[in-house]
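Numbering follows my numbering, in which position 59 of the sequence shown is assigned residue number 240; successive positions increment by one, without gaps.
All residues carry an ideal CB built from backbone N, CA and C; glycine is no exception.
Notes follow the structure.
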Amino acid sequence: MTHASNHLIDLLPLPERLRILARCEQVPLVMSEVLGSAAQPTCFAYFPVDGFISLVAQIDRRLVVEVGMVGREGLLGAQLALGVAQEPLHAMVQSPGHAWRMAADDFSAVLQDHPPLHAAVNRYLYVLMAQRTSLAACHRFHTIGPRLARWLLMTQDRSDASSFHVTHQYLAYLLGVRRVGITTAAGSLQRKGLITYHRGEVKVLDRGGLAAVACSCYAADRAVYSTLMS
């Protein structure tokens with residue numbers, strides 16, 4: 182990994198970009214690695230370059246449902262821009278890759294010294310708020326099939342691959358539904374020729390078709406990001 186390919190960093194003027202990267206270190210994102218736990222201190226800010234991180238809500242000390250994703254479009258640790266050095270959610274690597282990492286104290290200082298980055302992170306905080314609000318409504322009102330299609334599209338966007346590994350059981354956990362619901366929904370998508378799914382290996386065959394059956398939350402989230410972060 183020899184250059185920044187994180188969108189938040191790439192938005193900055195080149196001199197700002199280079200100064201910020203000089204404060205970062207390159208680290209791997211290891212599958213299932215926990216990068217933060219709810220209510221615990223934030224130690225680092227992560228700018229993913231590839232791979233992505235699942236953000237999972239916790240209720241009664243149990244991890245219950247995914248409420249967001251962070252990939253190369255964004256940042257893990259954005260709450261530091263609000264002066265909050267505590268993790269709001271459980272953050273776990275869902276797809277391996279790499280990231281630029283900066284110590285939390287350094288990141289807070291950089292935000293003060295680099296107004297363009299601070300402005301970009303503030304806009305990204307709104308994107309995260311919109312994403313979580315959308316997902317809360319999605320979990321309540323949309324059926325499993327369209328929600329699964331949305332999740333697969335979001336995953337493909339961040340993993341930059343047409344194939345990835347995820348089990349029915351883990352998908353059920355992420356979407357907050359029973360495993361049998363995932364089995365039924367995945368079978369329907371497969372019969373329509375949109376995906377193949379065998380022994381935890383998912384391959385997207387028809388992205389346009391998948392987008393057509395996904396719930397409206399997917400397009401709405403992309404519209405918010407495009408408006409604020411392009």
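If you compare the alpha carbons of Thr324, Leu195, His271 with that of Thr365, the shortest gap goes to Thr324. Across the set Val405, Pro327, Glu382, the C-alpha of Pro327 shows the shortest separation from the C-alpha of Val394. Looking from the CA of Val405, the closest CA among Leu298, Leu309, Met250, Leu216 belongs to Leu309. By the Cβ-count criterion, Val274 is buried, with 16 or more other Cβ atoms from all chains shown falling within 10 Å of its own Cβ. The three-state reading of DSSP puts Glu206 in strand, counting E and B together. In chain order, Pro209, Leu210, Val211, Met212, Gly232 place their CB closer than 8 Å to the CB of Pro277, counting only its own chain and leaving out the 5 sequence neighbours on each side. Residue environment for Ala290: exposed (fewer than 16 other C-beta atoms within 10 angstroms of its C-beta). 7 Å or more divides the Cβ of Tyr354 from the Cβ of Ala367.
Residue Val358 holds the alpha-carbon nearest to the alpha-carbon of Val245 among Val358, Leu334, Ile376, Thr314. Arg282 sits in a strand when the DSSP states are folded into three classes. Within the DSSP secondary-structure output, Pro229 pairs in a beta bridge with Ala280. Secondary structure of Glu247 (DSSP, three-state): strand. Along the length of the segment 319-404, whole alpha helix (DSSP H) runs at least 4 residues long occupy 325-340, 349-356, 360-372, 388-394, reported in chain order. In the DSSP assignment, Leu189 falls within the unbroken alpha helix (DSSP H) covering 188-191. Where Gly217 is concerned, the enclosing beta strand (DSSP E) starts and stops at 215-217.
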